[in-house]
Amino acid sequence: MKLEGKISIITGGATGLGKAMALEFANAGADVVVCSRNKANIEKVHNEITALGRRSLAIVADVCVKEQVANMVKKVIDEFGRIDILVNNAGTSHSMPILDLTEDIWDLILDTNLKGVFLCTQAVADKPLDHEKMEEAKSCYYTLMGWDSKTGIPLKEKVEELLIP
Ligand SMILES: NC(=O)c1ccc[n+]([C@@H]2O[C@H](COP(=O)([O-])OP(=O)(O)OC[C@H]3O[C@@H](n4cnc5c(N)ncnc54)[C@H](OP(=O)(O)O)[C@@H]3O)[C@@H](O)[C@H]2O)c1
8 MKLEGKISII
18 TGGATGLGKA
28 MALEFANAGA
38 DVVVCSRNKA
48 NIEKVHNEIT
58 ALGRRSLAIV
68 ADVCVKEQVA
78 NMVKKVIDEF
88 GRIDILVNNA
98 GTSHSMPILD
108 LTEDIWDLIL
118 DTNLKGVFLC
128 TQAVADKPLD
138 HEKMEEAKSC
148 YYTLMGWDSK
158 TGIPLKEKVE
168 ELLIP
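When we follow the numbering used here, the leftmost residue of the sequence shown carries the number 8, and every step to the right adds one.
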């Protein structure tokens, strides 16, 4: 995988799959922004990314909170000028019998796994990405939907074209 110079955000990039992706992206040449709610965890990953010679930001942000997501995107744009890749990795799961599942936990799961993806995708799609610039830069935009989620037209082939050099 070659991601030389790509500016990427990995939500929930402090632990587990997100951390693994963050380091793999950095190894592949990307600059990597990691966010989560735990400052200490994301700073550790940030340090590992910079030790690989890549630029990085560790941003405390709750993907369920619109203002925090907007602030994260602004910081990335201020620092790097654009965003090429968004990985909506932050998520939560609570395996338990349905009778133990409270409404609060249900809301947390949906807020994190659905609303968080919506907020991050919308925030990134709204400002920094310009279709023509995307084409010029051959940047890729990876999330649950392809770039053309902005137009509402699903173009799986476009995402594949951008992701596969
Ligand atoms: N591991 C699996 O087998 C598996 C299978 C299917 C799907 N998945 C999905 O893959 C993703 C990663 O899984 P994982 O096993 O690596 O999970 P994990 O270790 O629990 O990591 C989740 C990360 O998301 C962050 N996060 C959670 N809620 C957040 C929020 N509201 N705002 C910002 N960050 C938040 C967490 O950090 P903080 O809590 O510090 O914010 C944590 O760094 C999740 O979406 C998960 O549902 C995993």
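Every residue, glycine too, gets a C-beta built ideally from N, C-alpha and C.
- For Ile-116, the three-state secondary structure derived from DSSP is helix.
- Rounded to the nearest angstrom, the Cβ distance from Lys-9 to Ala-35 is 6 Å, consistent with a contact under 8 Å.
- Short note on Asn-78: C-beta not closer than 7 Å to any heavy atom of ligand 1.
- When the five nearest sequence neighbours on each side are left out, the beta carbons in the same chain lying within less than 7 Å of the beta carbon of Lys-82 are those of Leu-64, Ile-66, in order along the chain.
- Here the C-alpha atom of Ile-92 lies approximately 14 Å from the C-alpha atom of Gly-19.
- Nearest Cα to Val-39 within the set Asn-48, Leu-24, Lys-13: Lys-13.
- Scanning Leu-106, Gly-23, Asn-96 for the CA closest to the CA of Val-70 turns up Asn-96.
- Between the alpha carbons of Leu-121 and Leu-115 lies a distance of about 10 Å.
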